[in-house]
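S.K.:
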Amino acid sequence: MELTIKDLDVSFIQGDREAHALRGINLTVGKGEIHSLVGESGSGKTVTSTCIMGLLPSPPVRINKGEIFLDDINLLSLSEEDQRKIRGMKIAMVFQEPAKYLNPTLKIGVQITESLILHLGMSKTAAEEKALDILTTVGLGGGKRILHSYPHELSGGMKQRAMIAIAISCNPLFLIADEPTTALDVTLQEQILELIMDLRNKLSMGTLFISHDLRVVHDISDRISVIYAGKIVENSSKTELFAHPMHPYSRLLLKSIPDAEKRGTRLVTIPGKVPDAENIPPGCAFHPRCPFAEDICKIEEPEMKEYQEGHSAACHFCGTGKIQ
Ligand code: SF4
């Protein structure tokens, strides 16, 4: 299934205060594509994913405008009951911390089989057989022991796999992976990334992969969108973004990645921090941190423009030769 987000604009309202979390997000994730949404903490990544899942509480959240389509289903127009059916059945989500997602009082087997019984109407025996298959798919062989284990009896990597097993149990057509490897060591991180690629290949799931780290998304992404202060500032194929980043923010994110071949060279750090959603700077929101900013950047917000086929960026000076 294809996911399309059109001009999504979201605020958090508290009394007379407004935090403008998403400011017109446009994004398409094709069937079977892994599309990464990358930006620093506080840039709007998780608000985007929770909005797709219909999990943002209203109030305090106000959707100012925009649409989210899963093929031709407009997710924002669904009733709560229909949203619940879509979650798990058509869209699934995995998180950074399985501990928050897994129920500590239920065995893993129960947590997988209950949605199979509830959503797919399977018998208990059939659901347990299917659960064993799913555990094998996510690389948790010796499934019977896992089925009868509580979450605290599993290692960190096993918990992550168990969470993915629950998420994919009802054969979802779309997966949102929100920083699923951030809390893991490098080896486990690689294993989980391989698993996500493997699932995409086996199940043709479109995947929105959320990360603050371009290094993590390098191997798995087909496309990348860079988000800053609630706006996509660059969108391109992975190959093109790494070879020819256009937006100053993307370029600085790339320069802040440690390069094993350039040991001893100093890493670039991006000065300042992501603005508070209550106080987004006027003009280009990146101007207080941008080494190329000029007066126009403080006044006029740059529009997203396509500079090459499939490669767009929002900066007054992209394509002028000024951004080096
Ligand atoms: Fe920097 Fe100006 Fe481009 Fe914004 S519009 S990224 S401030 S050069």
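So for the sequence shown, our numbering puts the first residue at 493; every next one is plus one. Note that the Cβ used here is the ideal one computed from N, Cα and C, for glycine as well.
Would you list the residues whose beta-carbon is nearer than 5 Å to any heavy atom of the ligand SF4, in the order they occur in the chain?
M.R.: Here the residues come out as Pro740, Cys776, Phe778, His779, Cys782, Phe784, Ala785, Cys789, Pro794, Cys807, His808 and Phe809.
S.K.: Going by other Cβ atoms of all chains shown within 10 Å of its Cβ, with 16 needed for buried, is glutamate 795 buried or exposed?
M.R.: Glutamate 795 comes out exposed.
S.K.: Is the Cβ-Cβ distance between isoleucine 497 and isoleucine 517 less than 8 Å?
M.R.: Closer than 8 Å, so yes.
S.K.: Decide if proline 740 is buried, meaning its Cβ has at least 16 other Cβ atoms within 10 Å, or exposed.
M.R.: Counting Cβ neighbours within 10 Å, proline 740 comes out buried, since at least 16 surround it.
S.K.: Classify glutamine 652 as helix, strand or coil using the three-state DSSP reduction.
M.R.: In this structure, glutamine 652 counts as helix in the three-state DSSP scheme.
S.K.: Give me, in chain order, the residues of the same chain whose beta-carbon lies closer than 6 Å to that of tyrosine 720; leave out the 5 immediate sequence neighbours on both sides.
M.R.: Once the five neighbours on either side are set aside, the close Cβ partners of tyrosine 720 are Gly531, Ser535, Tyr741 and Phe778.
S.K.: Report the rounded CA-to-CA distance for proline 773 versus valine 539, giving the unit in angstroms.
M.R.: Rounded to whole angstroms, proline 773 to valine 539 spans 20 Å at the Cα level.
S.K.: What are the uninterrupted segments assigned as beta strand (DSSP E) that are 3 or more residues long and contained completely in the segment 654-734, given in chain order?
M.R.: Runs of the beta strand (DSSP E) inside the segment 654-734: 666-670, 698-703, 715-720 and 723-729.
S.K.: If we call anything under 8 Å between Cβ atoms a contact, is isoleucine 609 one with isoleucine 626?
M.R.: Taking 8 Å as the Cβ cut-off, isoleucine 609 and isoleucine 626 do not qualify as a contacting pair.
S.K.: In the DSSP assignment, the alpha helix (DSSP H) including glutamine 800 goes from what residue to what residue?
M.R.: Counting along the chain, glutamine 800 falls outside any alpha helix (DSSP H), though it belongs to the beta strand (DSSP E) covering 797-800.
S.K.: Between leucine 495 and leucine 562, which are expected to be in contact by the criterion C-beta below 8 Å, what is the C-beta distance as a whole number of angstroms?
M.R.: That belief holds up - the Cβ atoms of leucine 495 and leucine 562 are roughly 6 Å apart, short of 8 Å.
S.K.: Can the beta-carbon of lysine 651 be found closer than 8 Å to that of proline 590?
M.R.: Taking 8 Å as the Cβ cut-off, lysine 651 and proline 590 qualify as a contacting pair.
S.K.: For isoleucine 749, which option in Arg707, Ile668, Ile788 and Ile762 has the closest C-alpha, if you only look at C-alpha atoms?
M.R.: It is Arg707 whose Cα lies nearest to the Cα of isoleucine 749.
S.K.: Can you give me the Cβ contacts of leucine 680 inside the same chain, cut-off strictly under 8 Å, excluding the 5 residues immediately before and after it?
M.R.: So the list reads Gly648, Gly649, Gln652 and Thr673, once near-sequence residues are dropped.
S.K.: Could you say which of Ile565, Ser728 and Thr597 lies nearest to leucine 529 if we only look at CA atoms?
M.R.: Ranking the options by Cα distance to leucine 529, first place goes to Ser728.
S.K.: From aspartate 690 to alanine 654, what distance separates their C-alpha atoms?
M.R.: Rounded to whole angstroms, aspartate 690 to alanine 654 spans 16 Å at the Cα level.
S.K.: If we count the other Cβ atoms within 10 Å of its Cβ and call it buried at 16 or more, is arginine 515 buried or exposed?
M.R.: With 16 or more other Cβ atoms within 10 Å, it is buried.
S.K.: Have a look at the DSSP bridge pairing and note the partners of methionine 585.
M.R.: Paired residue(s): Ile668.
S.K.: Which residues in the same chain as isoleucine 716 place their Cβ atom closer than 7 Å to its Cβ, once the five residues preceding and following it in sequence are excluded?
M.R.: So the list reads Ser528, Val530, Val709, Ser728, Lys730 and Leu733, once near-sequence residues are dropped.
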